[in-house]
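Residue numbers (this note's numbering), protein chains in the order written: chain A, 1 to 238; chain B, 239 to 476; chain C, 477 to 714; chain D, 715 to 952; chain E, 953 to 1190; chain F, 1191 to 1428.
The beta-carbon is built from N, C-alpha and C at its ideal position, and this holds for glycine as well.
Bear in mind the structure is a predicted one, so any value in this text is a computation, not a measurement.
One structure is given here, and the rest of the page talks about it.
Number of protein chains: 6
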Amino acid sequence: MYHHVKKLMFEVNVGEADPRFGKMLLEQFGGENGELAAAMQYSVQGMNCEDPARRDLLMDIGTEELSHLEVIGALARMHLKPLRESDEAAMADPLIALVGGGGVGLHNSQGAAWTADYVSVSGQLEVDLRNNMAAEAGAKIVYERLLKYTDDAGSRDALKFLMAREIAHLKAFGRALESMDKGPLEIGDLPADEEYVTPYYNDSTGDGDAGQDSEGPWNTADDVEVVENPAFSGMAVS
Amino acid sequence: MYHHVKKLMFEVNVGEADPRFGKMLLEQFGGENGELAAAMQYSVQGMNCEDPARRDLLMDIGTEELSHLEVIGALARMHLKPLRESDEAAMADPLIALVGGGGVGLHNSQGAAWTADYVSVSGQLEVDLRNNMAAEAGAKIVYERLLKYTDDAGSRDALKFLMAREIAHLKAFGRALESMDKGPLEIGDLPADEEYVTPYYNDSTGDGDAGQDSEGPWNTADDVEVVENPAFSGMAVS
Amino acid sequence: MYHHVKKLMFEVNVGEADPRFGKMLLEQFGGENGELAAAMQYSVQGMNCEDPARRDLLMDIGTEELSHLEVIGALARMHLKPLRESDEAAMADPLIALVGGGGVGLHNSQGAAWTADYVSVSGQLEVDLRNNMAAEAGAKIVYERLLKYTDDAGSRDALKFLMAREIAHLKAFGRALESMDKGPLEIGDLPADEEYVTPYYNDSTGDGDAGQDSEGPWNTADDVEVVENPAFSGMAVS
Amino acid sequence: MYHHVKKLMFEVNVGEADPRFGKMLLEQFGGENGELAAAMQYSVQGMNCEDPARRDLLMDIGTEELSHLEVIGALARMHLKPLRESDEAAMADPLIALVGGGGVGLHNSQGAAWTADYVSVSGQLEVDLRNNMAAEAGAKIVYERLLKYTDDAGSRDALKFLMAREIAHLKAFGRALESMDKGPLEIGDLPADEEYVTPYYNDSTGDGDAGQDSEGPWNTADDVEVVENPAFSGMAVS
Amino acid sequence: MYHHVKKLMFEVNVGEADPRFGKMLLEQFGGENGELAAAMQYSVQGMNCEDPARRDLLMDIGTEELSHLEVIGALARMHLKPLRESDEAAMADPLIALVGGGGVGLHNSQGAAWTADYVSVSGQLEVDLRNNMAAEAGAKIVYERLLKYTDDAGSRDALKFLMAREIAHLKAFGRALESMDKGPLEIGDLPADEEYVTPYYNDSTGDGDAGQDSEGPWNTADDVEVVENPAFSGMAVS
Amino acid sequence: MYHHVKKLMFEVNVGEADPRFGKMLLEQFGGENGELAAAMQYSVQGMNCEDPARRDLLMDIGTEELSHLEVIGALARMHLKPLRESDEAAMADPLIALVGGGGVGLHNSQGAAWTADYVSVSGQLEVDLRNNMAAEAGAKIVYERLLKYTDDAGSRDALKFLMAREIAHLKAFGRALESMDKGPLEIGDLPADEEYVTPYYNDSTGDGDAGQDSEGPWNTADDVEVVENPAFSGMAVS
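Put into structure tokens, the structure is as follows:
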């Protein structure tokens, strides 16, 4: 059961409103790496989770993300305010101006409606936690990029808070995954056939204006067997 | 530049075709964890990647996933074949029967059209690799689940091959991430403010029919400071 | 700021689980008239609302809908449980079985991903409240229809609770609209040109297997002027 | 059966074409509150309606909206015309320039493709009519907002005509609802349990930078019983 | 300007209603090859068309397709009727049963909402007409497939009428294209560089379980120069 | 089975990068007429095709389109590069800047995610080939339009190559269709009822600001019978 308290998780102050930056902020309101995506992903995973401790973790962070949604929404609203007075700004963002009356909506920064296709809910905890770690990493980098586009001190404070929380969540989900005592390649119950795990198929070859054939631990380690040009040379596996 | 060779990466034989299972297989053809999603995610990441070695890795695996798409498509087609003769089967899957004429289309198992919203391309390698590890874990579990619904030996062989390759890719992406020498919480360039990383907000509390307040390394470790009921008790951070 | 308490707003008991009914219930979890749509519509309207009293109303009900989402999710999960054991049930719902592992996801009853296109946020209170009244009416009728498909006492109790709450919200939104002291045709600030409000264009005419030309207060009232066949007879207005 | 007559329902003249305003106009061509959405919603409701008089009403207005679609399309086309000659204008709207060749397409003002998710067809007349009243209110406010962004006399005339018609339709749908002789809270056939209609859950509390706890007829009327902080205090209903 | 007459373009009689067939019919109501797609594609092309004669053609057929939409809707409704009484049928189609109350909605046969992404409007007449010819061919084959799944005489009559009209339209669009006096390869104004038109790249090679390298007029005609394995052998063109 | 070679099918050089043009180019990367749509349409048609020669054709061209996707992606990336340094450019394209880090993503020029709804796969060769001819015509005109917006010699060379290849494919698909020896109106197996093919319904009539009633070979040829105003005058066919 949910309760809402009428305060923001982080106080938001905006010196000079910038509607173009406000539009950018909508990426973290209704975009693919945004706070609604995170809130929904963790909360619905939590509703499905049968491990009580990790269910608690998912609900804790899922709920926190709802509070983040409120913070980023408040920040975006402050930046979008001048759009109501300026024809120039409104014409640059007709969806916000015409449909939303200058307020925030569940869109990304280009006006695409939020969709649950952004969200991964697998019903398998070690998969969900990896998806969450990836989601937090993705959200962190978007906040980092947003910080390049504003000098406003109050906006920067709020964005830094939200950005840091992504790292806090990345840490928490990482610990939840580690403490499950599953190996890094152990997903689900069925073991993978070693014969098919060993080969590394060199499916992209040559050196040219689209890259170079290269090496790294993924194709040089002892437990890897490189198969060159498998489309042409025949495959050991078939 | 791409080239296609007219053989399947894994030979596909189907004993008894089962159209309902064929429909299930479409989840891995045009679904959110399917082979097209993987092929597109890694290939487009690869096109954007400026680290030549990891670009090579992304193109190798992105290309392999196109070959997987072809395998799963061939397998699904074989299972869907009876649908062309059986009214019963066709009426259960009108989209396949009417629009596709019994063939495979870029849909998931429920007929939803594939969308690039399934794909994550961040332009940040340590984020892309985490997304890829999550994607491989997700695809592995779907193959594992698919194996529960067929006894057909040829189908099982192909699915086991595809499932094992997901683990091979998970391993490869994991090594590519490790060898970047970035810490597990290091995403992008901007450091996260430690003051905001430390707190763990206990935002979901109480014990009841929707779970129990619990402990784990994410809220008991020494470097974590639990804030109880932050909505009510005031927050250290604001 | 949000807080979650680990109890359900309404206790959910299921006697005999019915996976087909579980799938139906997803309509109210992730469907166009469902609880997520309601929660998002009212909460985002609330974030944008500058009338403090109605903002409070919107946040009260928006938050309650999040709690409803949790109730309907729990109910659907209980009904979907046998799907994990039954191949028959799983093959009828491959998306739930394969992608969700038998749990609930943000889809409607046919597997379409939830989209913010279901949600109306206009930034104009008298429009938002009308949209909310329509949304509550729509949700009420879906609950009523759901009740036709189950005899399970515990399920019926929960659905009746949720259904009644839609009426409670319809009442509340209606009062919030009335108390704004705007006329029933008063939307926004610009008056409508009476000359163009008066005509009723009889654009669909004749009697046949697609209906009959009919009368009602909308085309017989004194303040209405019927224009017959405007496409052919010329229009008073142009 | 439909017939088209080669004249516009309202004569459209544009003095000075403004491509940015033309793009805005697309919101009412292919956007969520636009004329296609209205035409489809009422016409499909009409096809399903078994009350002959209201079916006639729905078909009358549904057909009129098709004529409005044509008017707004003609107006948008006139404003978009310079985009074909101006690189600047074209680069600001690449979808219109490249895909549509400067013409109108079934997109909203930001280029999102029209979707039937904008449309509500419930098969329940008292629900459909409420949805239609909300839709008309929404369309009215968008026309009002559009009028802020043009001084062109011919454009303003057409928009005022279209705006006034929304009010005419709001009036008609309202009368159709009233004359059904159902109470304002009577939706469908099943009565709502009074015990669950009475409570008002104060789920959003406190006073802060995200609002104030407030009063209005929705929580002060005699037939309402306020439940404070239901997540914490226990609920009368469960 | 549009007008609606209350008769169907083709009289619809259904002997024995079959809800599963009714669901199939929705493919031609709100599906990718359906009547709404055709109506919208031709009508919006028509609104943009500056060649008066072909504009007339596009509006004639676009309007006819609206009448077809009405016919297929009426037919689908008749077949879906038993779904309102049968729990079995309703549970097989929860979206129709719960959201639509047993009526028709703007979905395809699997419940996916209609989208303007189905529609092509290019602003270039020789492209539009080709798209329309393809669309008519696609609609024809879906009607042909539908006819496999019903023995009901009245349904078959209506479907045969609709199927034949697709051929009539294919013929009309073909004549409109021919009479433009553009060569079969003449699209737009810019000539294509012959040097790049001549080569045929043999990008898919070998003989195996995924096909055979083959010949046809497309790679054997005198004006074609086959380039074998261009990815490997270097290309004449670069 | 697929193989990738690390060179571009056409060498790409950009003199002066223009981020606005880079955004335009995304239309052919992830847009409705773009290279991914072509690659997917032909390749999936090919996987379903049981005519070995035309299957080979479909796979040849489907594979070539993957190489085009790579070329257009490389070109777009070069043009988008300055966006990473310029706040102005980034704020004009927040999705590219924030989510993609300045790289290319599977979006169209307005940021809409690629969807398989752009793709037609019918399982009927004479339909697929017509769709492909229409798709090539559509892609050709978009390349022609793109050429209006750049003077950069290297960009123009690449675009001309890609544009010419669309004509080469149009030619090849046309020949594949002709050589099937089916008449121009022969789609599938069921003949169309001549009685219903003959009429031309004049459904859009009159002369006015929305067009004129006109003639052309589609309604004047000897084998056509014009039915005037069928909605009003009764129809021969029913």
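Put simply, of E:S1156, E:C1001 and E:Y1070 the residue whose alpha carbon is nearest the alpha carbon of G816 (chain D) is E:C1001. Beta-bridge pairing by DSSP links P1407 (chain F) to no other residue. Residues of chain A whose Cβ lies closer than 7 Å to the Cβ of Q450 (chain B) are, in chain order, P52 and D56. At the C-beta level, L1247 (chain F) and W1066 (chain E) stay beyond 8 Å of one another. When DSSP states are grouped into helix, strand and coil, Y625 (chain C) belongs to the coil group. The beta carbon of Q348 (chain B) sits no closer than 8 Å to any beta carbon of chain A. For A652 (chain C), no CB of chain A lies under 8 Å from its own CB, so it is not counted at the interface with that chain. Only those residues of the segment 368–395 of chain B whose C-beta falls short of 8 Å from the nearest C-beta of chain C are listed: I379, V380, R383, L384, K386 and Y387.
At a beta-carbon threshold of 7 Å, none of the residues of chain C lie near T301 (chain B); the nearest stands roughly 25 Å away. Residue environment for P1284 (chain F): buried (at least 16 other C-beta atoms within 10 angstroms of its C-beta). Contact between the segment 1014–1026 of chain E and the segment 962–982 of chain E is present: 3 or more CB-CB pairs across the two stretches fall below 8 Å. Assigned with DSSP and collapsed to three states, V99 (chain A) falls in helix.
A distance below 8 Å separates the beta carbons of G614 (chain C) and N845 (chain D). Beta-bridge analysis with DSSP links Q266 (chain B) to no other residue. When the Cα atoms are used, D604 (chain C) and L899 (chain D) turn out to be separated by approximately 18 Å. Not one beta carbon of chain A lies nearer than 8 Å to the beta carbon of W694 (chain C). Distance from M761 (chain D) to G1025 (chain E) at the Cβ level is roughly 5 Å; contact confirmed, criterion being Cβ atoms closer than 8 Å. For the segment 905–922 of chain D, the residues whose beta carbon sits under 7 Å from a beta carbon of chain A are, in order, D917, S918, T919, G920, D921 and G922. Proximity of Y954 (chain E) to chain C, defined by a Cβ-Cβ separation below 8 Å, is satisfied. Counting C-beta pairs closer than 8 Å gives fewer than three between the segment 668–686 of chain C and the segment 573–588 of chain C, which falls short of the contact rule. Contact with chain B is found for K1197 (chain F), since one of that chain's Cβ atoms lies less than 8 Å from the residue's Cβ.
Residue burial is scored here from C-beta neighbours: S233 (chain A) has fewer than 16 other C-beta atoms within 10 angstroms and is therefore classed as exposed. Taken through DSSP and simplified to helix, strand or coil, A826 (chain D) comes out as coil. Per DSSP, reduced to three states, the secondary structure at G208 (chain A) is strand. Taking all protein chains shown into account, D181 (chain A) has fewer than 16 neighbouring C-beta atoms within 10 Å of its C-beta and is therefore exposed. One thing to note: N229 (chain A) has its Cβ within 8 Å of the Cβ of H1193 (chain F). Taking C-alpha positions only, L750 (chain D) is separated from S86 (chain A) by approximately 29 Å. Within the segment 786–804 of chain D, no residue has a Cβ lying closer than 7 Å to any Cβ of chain A. CA-CA distance, A255 (chain B) to D389 (chain B), rounds to 11 Å.
By a beta-carbon distance limit of 8 Å, G300 (chain B) does not contact A1064 (chain E). Their separation comes to about 28 Å. For P667 (chain C), the three-state secondary structure derived from DSSP is coil. Where Y1391 (chain F) is concerned, the enclosing beta strand (DSSP E) starts and stops at P1389 to N1392.
As a beta-bridge residue in DSSP terms, V243 (chain B) pairs with E:T1157. In the DSSP assignment, the residues bridged to V464 (chain B) are B:Y438.
Around the beta carbon of G183 (chain A), a 10 Å sphere encloses fewer than 16 other beta carbons of the protein chains shown; the residue is thus reported as exposed.
Listed in chain order, the alpha helix (DSSP H) elements of length 4 or more contained wholly in the segment 725–782 of chain D are 733–744 and 749–762.
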